[in-house]
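A.B. asks:
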């Protein structure tokens, strides 16, 4: 269980507000990678998902071109979903602030309280140590 608590209302608002997602750390290596599965889940849930991974530029994941950075994306994204180690989060948060993201989601076991505070000071709602592929179905069942 996560030490971070987010109300269902906050999570419902996030899922209702977002249309576009940048999935940072997206892996083209198939179903054994959580980022690959979560990207597919978000697409199937109706969101436009842009994979971001500088090591996979030139490839496609789930039919979407892979981008090197958030700044390279063809449109502003509502949510930046981070699949990186906690020690690598701060630069991604800086980029999310720069591109004007509304929400930042750090996946299970991804925690950077200092970066989260910086994002929140910039007006971005931050979720840490959670997975949208767990939270969205849970909320739908509870409704």
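Residue numbers (the numbering used here): 25 to 167. Cβ atoms here follow ideal geometry from the backbone N, Cα and C, with glycine treated the same way.
By the DSSP assignment, the alpha helix (DSSP H) with residue 158 in it spans what residues?
C.D. replies: Here the alpha helix (DSSP H) through residue 158 covers 156-166.
A.B. asks: Would residue 119 and residue 95 qualify as a contact pair, given that the criterion is a beta-carbon distance under 8 Å?
C.D. replies: Yes.
A.B. asks: CB-CB under 7 Å to residue 160, same chain, minus the five flanking residues each way: which ones, in chain order?
C.D. replies: If we look at residue 160 and ignore the five residues flanking it on each side, its Cβ neighbours are 39, 69.
A.B. asks: Taking the Cβ atom as the reference point for each residue, do residue 89 and residue 43 lie within a distance shorter than 8 Å?
C.D. replies: No.
A.B. asks: My parser needs the beta strand (DSSP E) runs of 3 or more residues fully inside the stretch 92-151; what are they?
C.D. replies: With a minimum length of 3 residues, the continuous beta strand (DSSP E) runs that stay inside the stretch 92-151 are 103-106, 127-130, 149-151.
A.B. asks: Using three-state DSSP, classify residue 37 as helix, strand or coil.
C.D. replies: In the structure shown, residue 37 sits in a helix (DSSP, three-state: H, G or I).
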